[in-house]
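There are 2 protein chains.
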Amino acid sequence: MTAGTALGVKAIVFDTFGTVVDWRGSVISDLGIWGAAHDINLDWARLIDLWRDRYNPQKARVRSGELPWTNLDELHHEALLAVLQDLNAPDLTEAQVMHINRVWHRLRPWPDSVEGLTRLKRNFVIGPLSNANVALLVNMAKASGLPWDHAFSCELFQHYKPDPETYLGVCRMMYLEPSQVMMCAAHNYDLAAARRFGLRTAFIPRPTEYGPSQTTDLVPEQNWDIIATDMIDFAARMGA
Amino acid sequence: MTAGTALGVKAIVFDTFGTVVDWRGSVISDLGIWGAAHDINLDWARLIDLWRDRYNPQKARVRSGELPWTNLDELHHEALLAVLQDLNAPDLTEAQVMHINRVWHRLRPWPDSVEGLTRLKRNFVIGPLSNANVALLVNMAKASGLPWDHAFSCELFQHYKPDPETYLGVCRMMYLEPSQVMMCAAHNYDLAAARRFGLRTAFIPRPTEYGPSQTTDLVPEQNWDIIATDMIDFAARMGA
């Protein structure tokens with residue numbers, strides 16, 4: 001029996017952006033090809049970095065109650081309009097802006113994600129526990145073959161991570177004890193919150209998530225229940 | 001091009017009890033085997049018929065606001081306790097009552113369901129739109145290989161069908177127009193509501209859902225967009 005199977009875990013939920021999909025690489029590649037075909041020449045690496053910079057402050061405004069519940073597609077849209085202005089982008093049609101905003105629905109998984117998840121699905125209920133909204137998660141899974149059992153989107157709980165309503169919301173919805181649910185993430189802050197609320201934890205490093213000069217989350221910062229090199233190694237450690 | 005592909009449907013949602021799974025047959029078989037092994041001798045056919053009789057009045061109390069939102073596992077539990085009393089059942093432990101209540105998580109699909117859904121999943125987002133709660137739907141899918149993309153449980157909308165919040169909730173959550181979403185059901189009332197709110201409709205008869213002497217829903221009562229003989233025929237008519 002491996003360490004993983006001894007834990008009594010029934011369901012595993014996954015951070016998605018960064019842990020399962022390569023959001024930065026996907027956005028640059030997807031919009032690079034599209035932009036070239038439509039003669040829209042923007043520095044897409046710069047665009048995604050500015051876009052993502054606005055993400056934590058936006059979430060903080062929702063989490064503090066300054067903004068009412070607003071889902072991620074809507075936050076992305078608001079931030080995108082500001083970033084396009086910052087970049088002095090050429091005038092775009094509404095359909096073009098929507099196509100850019102929907103790039104998050106088309107993110108591609110890391111090379112090991114689908115195989116690892118497919119193995120884990122045989123033994124566990126698996127789903128994203130992501131700040132992304134349901135449509136984004138379902139469309140992304142559909143496009144890439146992510147074999148989720150259910151999208152435990154934060155939209156269902158009307159709270160963003162790391163609010164307790166998200167982690168404990170999954171437990172309550174599935175009639176599971178926190179110790180029967182494992183959070184898997186490439187981000188130490190997410191696992192620290194999950195552990196605080198009683199969930200099991202699994203860390204997978206994604207050292208190029210933020211690009212070649214990433215400085216954060218390169219190593220596990222606590223003795224997480226499982227520390228794996230990638231999703232396939234994680235599946236093996238869980239006996240799947 | 002078949003009639004189905006011409007409709008512009010992006011997502012198909014399914015009534016589950018009766019349309020996808022054989023609830024009455026499953027309960028009688030599952031609890032019959034379990035009861036025999038544990039020396040609990042009840043008339044399981046009588047139990048399931050009495051249990052199901054309480055379902056519509058319970059839903060009506062939630063829909064009218066007389067009861068606050070209560071999910072289906074909880075409604076089932078309340079009704080089960082009353083039915084056990086009606087049947088003068090022997091004393092059962094709490095774990096035994098829970099095992100009986102959880103039989104809904106173990107319902108088995110009709111023989112054509114998994115093959116038809118697996119084909120439909122290639123071309124459409126598919127999910128249950130069911131009065132059942134998320135845990136029930138996810139556990140049921142897991143046990144039987146129902147390949148849902150997402151469980152659009154009525155629990156997410158805190159309303160039971162045929163309230164508009166359920167059908168329109170799926171459209172809103174997925175950023176789809178009602179005409180891009182199809183409701184598939186073995187029940188005319190469910191399709192009548194879906195059509196009233198602008199969704200597409202598909203009927204599959206399940207003439208033994210309520211047992212051998214069923215008198216309702218034997219035939220389509222309106223010219224539904226698709227009328228199929230079973231889930232495989234439905235997939236074929238949708239070009240999948």
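Residue numbers (this note's numbering), protein chains in the order written: chain A, 1 to 240; chain B, 1 to 240.
The C-beta atom is built at its ideal place from N, Cα and C for all residues, glycine as well.
Outcome for residue i when other beta-carbon atoms lying within 10 angstroms are tallied against a minimum of 16
i	result
R122 (chain B)	exposed
G8 (chain A)	exposed
K43 (chain A)	Checking the displayed sequence, the identity of residue 43 (chain A) turns out to be Asp instead of Lys. Result: exposed.
A143 (chain B)	exposed
I33 (chain B)	exposed
Y167 (chain A)	buried
G211 (chain B)	exposed
T19 (chain A)	buried
A6 (chain B)	exposed
E66 (chain A)	exposed
L218 (chain B)	exposed
T16 (chain B)	buried
E94 (chain A)	exposed
M98 (chain A)	exposed
R172 (chain A)	exposed
Within-7 Å CB hit, residue i to chain A
i	result
H105 (chain B)	no
Y175 (chain B)	yes
H38 (chain B)	no
V138 (chain B)	yes
V125 (chain B)	yes
M1 (chain B)	Note that M1 (chain B) scores 42 on pLDDT, short of 50, meaning its location in the model is unreliable and no value can be drawn from it.
Contacting residues, own chain, Cβ-Cβ under 7 Å from residue i (five flanking each side not counted)
i	result
N103 (chain A)	This sequence places Val at residue 103 (chain A); Asn is not what is there. Cβ neighbours of V103 (chain A) beyond the five flanking positions: V27, D30, L31.
F152 (chain B)	V13, G127, P128, L129, V170
R108 (chain B)	V21, D22, S26, S144
G198 (chain A)	P178, S179
L117 (chain A)	I126, L146, P147, M231
R61 (chain A)	L67
L120 (chain A)	I12, I126, A235, M238, A240
Proximity to residue i [Cα-Cα], best of the options
i	options	result
E221 (chain B)	B:R196, B:L191, B:L199, B:F234	B:L191
R200 (chain A)	A:N71, A:L176, A:F157	A:L176
Q96 (chain B)	B:V21, B:A37, B:D163	B:A37
D233 (chain A)	A:G65, A:D22, A:S113	A:S113
L47 (chain A)	A:A82, A:T19, A:P57	A:A82
W148 (chain B)	B:V138, B:C154, B:M182	B:V138
D86 (chain B)	B:E115, B:W51, B:R196	B:W51
R54 (chain A)	A:W69, A:H77, A:G65, A:D39	A:H77
H105 (chain B)	B:R61, B:R24, B:G35, B:D225	B:R24
V248 (chain A)	A:W110, A:R206, A:A202	For chain A, the structure presents residues 1 to 240; residue 248 (chain A) sits outside this window and is missing.
M174 (chain A)	A:F124, A:S213, A:W110, A:P90	A:F124
I204 (chain A)	A:A235, A:D39, A:D49	A:A235
A185 (chain A)	A:A45, A:L92, A:W224	A:W224
W110 (chain B)	B:D49, B:I100, B:R196, B:A141	B:A141
D90 (chain A)	A:R196, A:I40, A:T215, A:P207	It should be noted that the sequence gives Pro, not Asp, for residue 90 (chain A). It is A:I40 whose Cα lies nearest to the Cα of P90 (chain A).
D135 (chain B)	A:A135, A:H150, A:L136	Just to set this straight, residue 135 (chain B) is Ala in the shown sequence, not Asp. The candidate whose alpha carbon is nearest that of A135 (chain B) is A:H150.
G35 (chain A)	A:S213, A:T215, A:I100	A:I100
L84 (chain A)	A:P57, A:R206, A:T215, A:D49	A:D49
Closer than 7 Å to chain B by CB, residue i
i	result
H150 (chain A)	yes
A143 (chain A)	no
A135 (chain A)	yes
Same chain only: Cβ atoms within 8 Å of residue i, ignoring 5 sequence neighbours per side
i	result
K59 (chain B)	L75, N131, Y160
M1 (chain B)	Note on M1 (chain B): pLDDT 42, under 50, position unreliable in the model; the coordinate value appears next. G239, listed in sequence order.
R63 (chain A)	H159, Y160, D163
N188 (chain A)	F203, D217, P220, E221, Q222
Proximal residues to residue i (C-beta, below 6 Å), its chain only, five neighbours per side dropped
i	result
E165 (chain B)	F157, H159
W69 (chain A)	Q158
E209 (chain B)	G18
A193 (chain A)	P162
N133 (chain A)	N71, L72, D73, S153, E155
R195 (chain B)	T201
Residue i: contacting residues in chain D (beta-carbon distance under 7 Å)
i	result
L156 (chain A)	The structure shown contains no chain D; its protein chains are A and B.
| field | Unbroken stretches of the beta strand (DSSP E), 3 residues or longer, contained in the stretch 3-81 of chain B | value | 11-14
| task | Just list the beta strand (DSSP E) runs in the stretch 175-224 of chain A, keeping only unbroken ones of 3 residues or longer that don't cross its boundaries, in chain order. | result | 181-185, 200-203
| task | Go through the stretch 107-176 of chain B residue by residue and report every complete run of the beta strand (DSSP E) that reaches 3 residues or more, in order. | result | 125-128
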